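The block underneath contains the structure these notes are about, expressed in structure tokens.
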Amino acid sequence: MYTIPMNFVLLTTTTYGTWLPGDPRGSVTSVRDYRPSDPPTAARIEHDRPGEAWEPPIPGLYASAQQLLKQPPVLLGRPLARVVIEKFCETSAFRDRRLAAMSVMRNHLHAVVGFDGFIDFDRMLNDYKSHASRGLNAHAERRPAWWTRGGSARSLPDERAVLGAIHYVLFKQPRPLARWREGDGFLAET
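In the UniProt record's numbering, the protein residues as written are 1 to 190.
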């Protein structure tokens, strides 16, 4: 089913202002620090790689990040979540990619995307986010930013990883507003 000469990636991003550095829930940030388990080096290490522990809550950093917000945090509703998925579908078709599964929650999204060849994951995610932003601007009050800068793109090395990511995206998300699966389209609301 997902055997291929195709590559797959799990994309994740958050809406603007909803998961800040130092967050009480923990955060994956580019705050540079040193941990006893780090190798000796003159440079500080950013703990933002898959599988690394999240940064613990850092109240001062969180308060500072809140003060730097340029607009209120973005929380999506069900109609806008569907717009985001529709734009991801359009972008996938236009870019000749394969959107296998997607879930949109109030403050973040996950998508499993297949593609041929080599792709810069940051560019891919920005491509999807910019098209989704245009769709959101057409359906809601225009905002300077809908999304946080960056996001996560985790390569899925084999069919087992792809199937696991699809299951995670579709069935392990807290209160999804909209879910979409290749071949089925939008899934029943939960």
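We put the CB at the ideal spot given by N, CA and C, even for glycine. Being a predicted model, the structure only gives us computed values, none of them experimental.
Exposure of residue i, with buried meaning 16 or more beta-carbon neighbours within 10 Å
i, result
"ASP116", "exposed"
"LYS70", "exposed"
"LEU109", "buried"
"SER64", "exposed"
"ALA132", "buried"
"SER27", "buried"
"PRO59", "exposed"
"ARG142", "exposed"
Residue i, DSSP secondary structure in three states
i, result
"LEU187", "coil"
"GLU182", "coil"
"ARG78", "helix"
"ALA111", "strand"
"THR18", "coil"
"GLU55", "strand"
"LEU156", "strand"
"LEU177", "coil"
"THR12", "strand"
"VAL84", "helix"
"ARG25", "coil"
"ARG142", "coil"
"LEU170", "helix"
"ARG149", "coil"
Whole-angstrom C-beta distance between residue j and residue i, which should lie under 8 Å
i, j, result
"VAL112", "ALA93", "Wrong, their Cβ atoms sit about 16 Å apart, outside the cutoff."
"TRP180", "MET105", "Actually they do not touch by this definition, with Cβ atoms about 13 Å apart."
"ALA178", "ARG82", "5 Å"
"LEU10", "LEU156", "6 Å"
"LEU80", "ALA161", "Not really, about 30 Å apart at Cβ, beyond 8 Å."
Residue i versus residue j - alpha carbon distance
i, j, result
"PRO73", "ASP122", "22 Å"
"GLN66", "MET124", "28 Å"
"PHE22", "ASN107", "Correcting the residue identity first, residue 22 is Gly in this sequence and not Phe. Rounded to whole angstroms, GLY22 to ASN107 spans 17 Å at the Cα level."
"GLY147", "ARG154", "Looking at the sequence itself, residue 147 is Trp, so the reference to Gly does not match. So the alpha carbons of these two residues sit roughly 18 Å apart."
"THR87", "PRO24", "It should be pointed out that residue 87 corresponds to Lys in this sequence rather than to Thr. Taking the straight line from one Cα to the other gives about 32 Å."
"VAL169", "PHE8", "14 Å"
"GLU189", "PHE171", "12 Å"
"TYR128", "MET6", "19 Å"
"GLU55", "ARG175", "25 Å"
"ILE85", "TYR62", "30 Å"
"THR13", "GLY183", "24 Å"
"THR18", "ASP120", "25 Å"
"GLY150", "TYR16", "11 Å"
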